[in-house]
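Heads up, the sequence shown is in this note's numbering, so the first residue is 142 and it goes up one at a time.
Beta carbons are placed, not taken as given, at the ideal position from N, Cα and C, and that holds for glycine.
A quick note: this is a predicted structure, and the numbers were derived from the prediction, not measured.
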Amino acid sequence: TITISGTPTASGTFNYTIPLTGGCGSVNATGTITVNAKPTANAGLNQAACSNNNSITISGASATNNIGVSWSTSGTGTFTNGATITPTYAPSAADITAGSVTITLTALGKAPCGNVTSSKTLSFVNAPIAVAGTNVSFCSNPAQATPQNATSVNITAGSSASNYSTITWSSSGSGSFTNANSLTNATYTPSAADNAAGSVTLTLTASGNSPCANAVSQKTLTLTPKIIFNEADYWAEFATCLGMGVEFRVTNFPTGGNGSFAYQWMDKNNCGISGNSNPIPGANGTSYLPTNNDCYWLQITSGGCTIPQTLVSTTERNRPGADRGGITINSSNVCVGGNATLTASSEVTYTYTWSPATFLNTTNGSSVIFSGAPAGTYTYTVTGTNSEGGGC
Numbered sequence: 142t143i144t145i146s147g148t149p150t151a152s153g154t155f156n157y158t159i160p161l162t163g164g165c166g167s168v169n170a171t172g173t174i175t176v177n178a179k180p181t182a183n184a185g186l187n188q189a190a191c192s193n194n195n196s197i198t199i200s201g202a203s204a205t206n207n208i209g210v211s212w213s214t215s216g217t218g219t220f221t222n223g224a225t226i227t228p229t230y231a232p233s234a235a236d237i238t239a240g241s242v243t244i245t246l247t248a249l250g251k252a253p254c255g256n257v258t259s260s261k262t263l264s265f266v267n268a269p270i271a272v273a274g275t276n277v278s279f280c281s282n283p284a285q286a287t288p289q290n291a292t293s294v295n296i297t298a299g300s301s302a303s304n305y306s307t308i309t310w311s312s313s314g315s316g317s318f319t320n321a322n323s324l325t326n327a328t329y330t331p332s333a334a335d336n337a338a339g340s341v342t343l344t345l346t347a348s349g350n351s352p353c354a355n356a357v358s359q360k361t362l363t364l365t366p367k368i369i370f371n372e373a374d375y376w377a378e379f380a381t382c383l384g385m386g387v388e389f390r391v392t393n394f395p396t397g398g399n400g401s402f403a404y405q406w407m408d409k410n411n412c413g414i415s416g417n418s419n420p421i422p423g424a425n426g427t428s429y430l431p432t433n434n435d436c437y438w439l440q441i442t443s444g445g446c447t448i449p450q451t452l453v454s455t456t457e458r459n460r461p462g463a464d465r466g467g468i469t470i471n472s473s474n475v476c477v478g479g480n481a482t483l484t485a486s487s488e489v490t491y492t493y494t495w496s497p498a499t500f501l502n503t504t505n506g507s508s509v510i511f512s513g514a515p516a517g518t519y520t521y522t523v524t525g526t527n528s529e530g531g532g533c
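Spelled out as structure tokens, the structure:
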């Protein structure tokens, strides 16, 4: 038995010859020794990936002197092409929540060499989130803007962002921003071209922390044309039922705005121009029947435009309790066998009904003919019905 010992300093195939001497003369023992190189594995530098990346390429790894490689993880994600140096890794939700996993490269050694491993950390950076928020409307006419005479509008309604390094607003139009890096007080001043176009798209960009890409979200800023409304032309005073005063009603409707109008009647204790006015609960229609001697104002809004409160009633115009709406009937004397015309009238437009029908040619209308009656005194009742002010 021949035993060769020692530590190889290089890999390869080596021939050997050993002279043997003895009583039978000299002979040589020959053969070869194969020395396999030890495997190496280098997982590479630690990596970071964005949390919304579900296919992460593992880079920077190397391995030599092996019959194959494999990858494993401390987490619960999965590898694709895990028997290569450059696999991809799909992290699980638990991996993302944990914030990182350890991934290990194993190089399989040629026998009799054993396997070697190398590990690195794969960290997950939270992806940025951008929410531009709710669409915004703004009046293109500063006189009807809110607040009045404003030329810019706060665009941040409903906006939010997270996991970002910076945020910024941009526009599809040619207007200008103030505080374009704010989520609470960024304002936009539309250009004349923006107003002519009627709207612009506003984009919120949240810059991601490396290696995450940016997140974007958009909203629409609608630029509403001014409301066209003239107090003298668009409201009227209507007599109502007996004792109810007058009703105020929009008779020719406004134009402009976004085409849809909201009305709010206001009660103003101070009949001068100065002083505050209070919205009247439930008084949101195109007409209003006052219940007190006071001054009343009408406010009209449409798509971000608001007409300043317009005085539509004063105490002189509103006279609750006055005898407006009463019916006047003429009395008449007529000879036996003759006829007479009886009429009813009022400040209110009524549909009249007469009773009883005896000796009348009709029971409907403001004018009826009485005829054919014998001598005597006859009394008739006239009922007037109208729909103004809720009917009476």
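Cβ contact annotation for Thr181 (same chain, cutoff 7 angstroms, sequence separation greater than five): Ala204, Thr205, Asn206, Ala248 and Val257, in chain order.
Looking only at Ala202, Trp310 and Ser213, the smallest Cα-Cα distance to Thr227 is reached by Ala202. Between Thr330 and Thr292, the gap from beta carbon to beta carbon is short of 7 angstroms.
Counting along the chain, Asn156 sits inside no alpha helix (DSSP H); it lies in the beta strand (DSSP E) bounded by residues Gly153 to Gly163. Nearest in C-alpha terms to Phe389, of all of Ser351, Asn350 and Leu430, is Leu430. Excluding its 5 nearest sequence neighbours in each direction, Val266 has C-beta neighbours in its own chain below 6 angstroms: Ala189, Cys191, Asn350 and Cys353, listed in chain order.
The beta-carbon separation of Thr297 and Thr346, rounded to 14 angstroms, does not stay under the 8 angstroms limit for a contact. Remark: fewer than three beta-carbon pairs, one from each stretch, lie closer than 8 angstroms, so the stretch 215-224 and the stretch 142-149 are not flagged as touching.
In the DSSP secondary-structure assignment, Ser259 is bridged to Leu246.
At a Cβ-Cβ threshold of 7 angstroms, Lys360 and Asn295 do not count as neighbours. For Ala498, the secondary structure class from DSSP, reduced to helix, strand or coil, is coil.
If you check the CB distance, Phe370 and Ile441 come in under 7 angstroms.
Between the beta-carbon of Val168 and that of Phe155 there is about 21 angstroms, and that puts the pair past the 8 angstroms contact cut. Judged by DSSP in its simplified three-state form, Gln405 adopts strand. Pairing Ser259 with Ala184 gives a Cβ-Cβ distance under 7 angstroms. Excluding its 5 nearest sequence neighbours in each direction, Ser348 has C-beta neighbours in its own chain below 6 angstroms: Tyr305, Ser306, Thr307 and Asn355, listed in chain order. Boundaries of the alpha helix (DSSP H) around Ile237: Ala234 to Ala239.
Non-local C-beta neighbours of Ser213 in its own chain, meaning closer than 6 angstroms and more than five positions away in sequence, comprise Thr245, ordered along the chain. Counting along the chain, Ala334 sits inside the alpha helix (DSSP H) bounded by residues Ala333 to Ala338. Distances from the CA of Ile174 to each of Leu161, Ser152 and Gly255 were compared; the closest alpha carbon is that of Ser152.
Between Gly525 and Tyr491 a beta carbon distance of about 3 angstroms is seen, short of the 8 angstroms cut, so the two are scored as contacting. By the C-beta density criterion, Ile510 is exposed, having fewer than 16 other C-beta atoms within 10 angstroms.
Runs of the beta strand (DSSP E) lying entirely within the stretch 253-332 and spanning at least 3 residues, in chain order: 257-266, 270-272, 277-280, 301-303, 305-312, 317-319 and 328-330. Taking the C-beta atoms as reference points, Thr484 is found no nearer than 7 angstroms to Trp495. When secondary structure is reduced to three states using DSSP, Leu343 falls in the strand class. For Asn480, the enclosing beta strand (DSSP E) covers residues Asn480 to Ser486.
DSSP places Gly185 in the coil class of the three-state scheme, outside both helix and strand. Val357 counts as exposed, since fewer than 16 other beta carbons sit within 10 angstroms of its beta carbon. For Tyr157, the number of other beta carbons within 10 angstroms of its own is below 16, and it is reported as exposed.
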